[in-house]
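**Q** In this note's numbering, the protein residues as written are 938 to 1131. Beta carbons are placed, not taken as given, at the ideal position from N, Cα and C, and that holds for glycine. Please see the structure below; I have some questions.
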């Protein structure tokens, strides 16, 4: 071996000697075997991918996500909306959000909801006004409503409203609130489309 070679070239020369003397006689059959195994694995993954595509097709024909019961959450607090949305989506519901009563009324005109969960203290149209508007409309008078409030005096006023199926004080108990929604979501059925 040439003594003038750099350390890397020297190392490469040793690797070359090792491969040619010891591994080449064994290396060729091993290399062929590795290629065959990798080819078979590649075919298996391709077959798996084809199976996955075939398995995904029936899911596309399955009921759309919109068939889940829908909950309308109305709260001016982005944090409260996010927490409620996460809770109800984990419970298997489709969730729509509104930041005040006016936005909620628009959503109620455009979509069908199984339950309305509303804060009471909000700008533009507060929860008490929203409840009155919902109960005063022929299209939504049967909509179960749950109120959420952080104020005791508002909690006392809500008892006067019919169609109200619960008042939860902030911070609410997730389990109890989800149980109440589960009970109410089956009460209101979407009208059949003719």
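Restricting to Cα atoms, I'd like to know which of 1071, 1074, 1035 and 1057 is closest to residue 1087.
**A** Considering only alpha carbons, the answer is 1057.
**Q** What is the residue span of the beta strand (DSSP E) that residue 1031 lies within?
**A** Element bounds for residue 1031: 1031-1035.
**Q** Considering only residues of the same chain and omitting the five flanking positions on each side of residue 1021, which have a CB-CB separation below 6 Å?
**A** For residue 1021, where only same-chain residues beyond five positions count, the Cβ hits under 6 Å are 1010.
**Q** Tell whether a beta-carbon distance below 9 Å holds between residue 1083 and residue 1101.
**A** Result yes, Cβ atoms of residue 1083 and residue 1101 sit closer than 9 Å.
**Q** Since residue 1118 and residue 1050 are thought to touch, with beta carbons under 8 Å apart, how far apart are those beta carbons, to the nearest angstrom?
**A** Wrong, their Cβ atoms sit about 11 Å apart, outside the cutoff.
**Q** So the beta strand (DSSP E) residue 1102 belongs to, where does it begin and stop?
**A** Segment 1101-1106, the beta strand (DSSP E) holding residue 1102.
**Q** Excluding sequence positions up to five away, which residues of its chain have a Cβ less than 6 Å from the Cβ of residue 1122?
**A** Result list for residue 1122: 1006, 1051 and 1052, in chain order.
**Q** If distances are taken between C-alpha atoms only, which option among 1054, 1064 and 1059 comes closest to residue 1030?
**A** Minimum Cα distance to residue 1030 is reached at 1054.
**Q** Using the rule of at least 16 other Cβ atoms within 10 Å of the residue's Cβ for burial, across every protein chain shown, is residue 1077 buried or exposed?
**A** Residue 1077 is buried by the Cβ-count criterion.
**Q** Near residue 1044, what residues of its chain come up, given a Cβ to Cβ distance below 7 Å and the 5 sequence neighbours on each side ignored?
**A** Same-chain partners within the cutoff: 1009, 1033 and 1035.
**Q** Per DSSP, which one or two residues make a beta bridge with residue 1084?
**A** Per DSSP, 1055 and 1104.
**Q** Do the CB positions of residue 1059 and residue 1012 come within less than 9 Å of each other?
**A** In contact: residue 1059 and residue 1012 (Cβ atoms closer than 9 Å).
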